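First up is the structure itself, then whatever we jot down about it.
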Amino acid sequence: MIIDYEKYLKYTVEAFPVRHKRKDLYRVDLRINSDCRSKIKEIEEMDRQLDRVILRFSDYKELVQDAHAVNVHWSTKLEGNRMSLEEVMNSSRMVGGSPKKLEAKDPGNQQEILNHLYSYFMEDRFALPWNLGTVSSVHKLLMKGTGEDCIPGQIRKEEEVHVTSNGIETFIGCPAIHVSSELEDLLEWVSYSPYDSLATAVIFFHEFESIHPFVEGNGRTGRSLFHILMQEKGFINFNLCKIDDKLLQKSQIYYSLMEYTDKTGDYSPIVEYFCDCIYSAYEEAISIFEEKDVLKELDESSRALVMEARGHRDWFSLNEAGSWVSGLSDQSIRNKLNHLVELGVLEKEGSTRATRYRFTDPFGEIKEMLKKEFPDD
Numbered sequence: 031m032i033i034d035y036e037k038y039l040k041y042t043v044e045a046f047p048v049r050h051k052r053k054d055l056y057r058v059d060l061r062i063n064s065d066c067r068s069k070i071k072e073i074e075e076m077d078r079q080l081d082r083v084i085l086r087f088s089d090y091k092e093l094v095q096d097a098h099a100v101n102v103h104w105s106t107k108l109e110g111n112r113m114s115l116e117e118v119m120n121s122s123r124m125v126g127g128s129p130k131k132l133e134a135k136d137p138g139n140q141q142e143i144l145n146h147l148y149s150y151f152m153e154d155r156f157a158l159p160w161n162l163g164t165v166s167s168v169h170k171l172l173m174k175g176t177g178e179d180c181i182p183g184q185i186r187k188e189e190e191v192h193v194t195s196n197g198i199e200t201f202i203g204c205p206a207i208h209v210s211s212e213l214e215d216l217l218e219w220v221s222y223s224p225y226d227s228l229a230t231a232v233i234f235f236h237e238f239e240s241i242h243p244f245v246e247g248n249g250r251t252g253r254s255l256f257h258i259l260m261q262e263k264g265f266i267n268f269n270l271c272k273i274d275d276k277l278l279q280k281s282q283i284y285y286s287l288m289e290y291t292d293k294t295g296d297y298s299p300i301v302e303y304f305c306d307c308i309y310s311a312y313e314e315a316i317s318i319f320e321e322k323d324v325l326k327e328l329d330e331s332s333r334a335l336v337m338e339a340r341g342h343r344d345w346f347s348l349n350e351a352g353s354w355v356s357g358l359s360d361q362s363i364r365n366k367l368n369h370l371v372e373l374g375v376l377e378k379e380g381s382t383r384a385t386r387y388r389f390t391d392p393f394g395e396i397k398e399m400l401k402k403e404f405p406d407d
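For the record, in the sequence shown the residue sitting at position 377 is 407 according to this note's numbering, with numbers rising by one throughout.
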């Protein structure tokens, strides 16, 4: 799908400043048209479709690192990070290939990129329901060591006013005295939203940005929370898609829609915009991942073994694998498992009767390392 960006050019604000307004999020102005509703259902199906794809270890690792790099590049570039896409991709490969946590030599752009890349492997610790501590933890993770003029994780205590070089006020955030209470209400609403998952995530993202809870890093934190929330709401393969380049490459449209929503209270255009961008990113991911899908090369029994192994998540024996398929001898199952090892889908350890197999997670070591680096509070 080619995104029709031009249809969103009409959503602009003529009078400034744009002020944050506290809203009743259970009764927002949201009219999702039939085209958008259809796309949301198709996005849900495409997410399930991605879940049915199995790649070789090396292919999966490469494509995930690529998607992470693209999203991080666009999210940080919007806020002034000067690293090129190629440099961010190199950093993504370094993160994926190192058993130790990498640190930049000096605060700044490189550390910011590393923080964002590592955050993708820590999302399981930010499960719903959320509270102020969750949001502060994400901000702290992303902003630590970047040299930004803020205390990572600390909710702002001063007023937020954006002023142009000509002295014109363009945006006034939530009054500092109300930031914590409004953010708490927003986080509670996420668990009880009456809207579908995608609309809920978009509304949350906009309101988070409107509240502007931190001195610096609101956009980056908000977009990271949006990615996490989409996964928490059922789009489990969201981070396999290059979402942020679709959302942010036309930055003026993105900013204008944020301003328009604050000014008018009409959420329909921004939800439709996000829907178009997400739909396009999923289509692209489906095309790339399905081209490398190894399941189409396998017989029915081998496909069953792979899918069961992925769901099992841990090491398993030949006997356990035998319970997943019927009508096959131990030797036939062993041959199929060893073929999957050769394909780079499973890994194995031990020999003869002690042989064990496991579905390959190319980022398993990184996740374990980060659990030790950042133990749960």
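Where a beta carbon is used, it is the ideal one built from N, C-alpha and C, also for glycine.
Remember, predicted model here, so these are calculated numbers, not experimental data.
query                                                                                                                                                                         : result
Assuming Tyr387 is part of the beta strand (DSSP E), what are its boundary residues?                                                                                          : Arg386 to Phe389
Between Thr382, Ala384 and Pro392, which has its C-alpha nearest Leu376's C-alpha?                                                                                            : Pro392
Specify the secondary structure class of Leu85 as computed by DSSP and reduced to three states.                                                                               : coil
DSSP three-state label for Glu199, please.                                                                                                                                    : strand
In the DSSP assignment, find the unbroken alpha helix (DSSP H) run with Leu287 in it and report its ends.                                                                     : Ser281 to Thr294
Consult DSSP for Ser59 and reduce its assignment to one of helix, strand or coil.                                                                                             : Contrary to the premise, residue 59 reads as Asp rather than Ser in this sequence. It is a strand residue.
Going by C-alpha to C-alpha distance, which of Ser281, Ser221, Gly252 and Val371 sits closest to Tyr167?                                                                      : Checking the displayed sequence, the identity of residue 167 turns out to be Ser instead of Tyr. Minimum Cα distance to Ser167 is reached at Gly252.
Nearest by alpha-carbon distance to Met260: which of Leu108, Asp77 and Met31 is it?                                                                                           : Asp77
Measuring alpha carbon to alpha carbon, tell me which residue in His236, Asp179 and Ser286 is nearest Cys204.                                                                 : His236
Tell me the residue span of the alpha helix (DSSP H) that contains His236.                                                                                                    : Ser227 to Ile241
Among Ile283, Val118, Lys272 and Ile70, which residue has its Cα nearest to the Cα of Lys37?                                                                                  : Ile283
Using the three-state DSSP reduction, which class does Arg123 fall into: helix, strand or coil?                                                                               : helix
In angstroms, rounded to a whole number, what distance separates the CA positions of Lys378 and His369?                                                                       : 11 angstroms
Under 7 angstroms Cβ to Cβ from Lys366, same chain only, skipping five residues before and after it: list those, please.                                                      : Ser331, Ser332 and Leu335
For Arg253, which three-state DSSP category applies?                                                                                                                          : helix
Determine the direct distance from the alpha carbon of Pro405 to that of Tyr290, and round the result to whole angstroms.                                                     : 41 angstroms
Give me the residue from Ile202, Asp306 and Met124 with the minimum Cα distance to Lys91.                                                                                     : Met124
With a threshold of 6 angstroms on Cβ separation, who are the neighbours of Phe304 within its own chain once the five nearest residues in sequence on each side are excluded? : Val232
For Leu373 and Arg86, which I take to be in contact (beta-carbon distance under 8 angstroms), what is that distance rounded to the nearest angstrom?                          : 6 angstroms
Consult DSSP for His208 and reduce its assignment to one of helix, strand or coil.                                                                                            : helix
My guess is that Lys276 and Ser310 are in contact by the Cβ rule of under 8 angstroms, so how many angstroms apart are they, rounded?                                         : 5 angstroms
In whole angstroms, give me the CA-to-CA distance for Glu74 and Phe256.                                                                                                       : 16 angstroms
Check for me: the beta strand (DSSP E) holding Leu376 runs from which residue to which?                                                                                       : Leu376 to Glu379
Are Val83 and Phe389 touching if we call contact CB-CB under 7 angstroms?                                                                                                     : no
If you draw a straight line from the alpha carbon of Ala157 to that of Arg49, how long is it in whole angstroms?                                                              : 31 angstroms
Would you say Arg250 and Ser105 are within 7 angstroms of each other, going by their C-beta atoms?                                                                            : yes
Given this structure, state the Cα-to-Cα distance separating Pro224 from Ile308, to the nearest angstrom.                                                                     : 21 angstroms
Hey, Glu403 and Lys131: beta-carbon distance below 7 angstroms or not?                                                                                                        : yes
Roughly how many whole angstroms lie between the Cα atoms of Glu314 and Cys271?                                                                                               : 8 angstroms
Within this structure, are the beta carbons of Ser64 and Ala99 separated by less than 7 angstroms?                                                                            : no
If you drop the 5 nearest sequence neighbours on each side, which residues of the same chain put their C-beta closer than 6 angstroms to that of Lys187?                      : Ala206
Any idea if Trp32 is buried or exposed, counting beta-carbon neighbours within 10 angstroms, 16 or more meaning buried?                                                       : Before going on, a small fix: residue 32 reads as Ile here, not Trp. With fewer than 16 other Cβ atoms within 10 Å, it is exposed.
Using CA coordinates, which residue listed in Tyr222, Val118, Glu178 and Pro182 is at the minimum distance from Arg57?                                                        : Tyr222
Reducing DSSP to helix, strand and coil, say where Val193 ends up.                                                                                                            : strand
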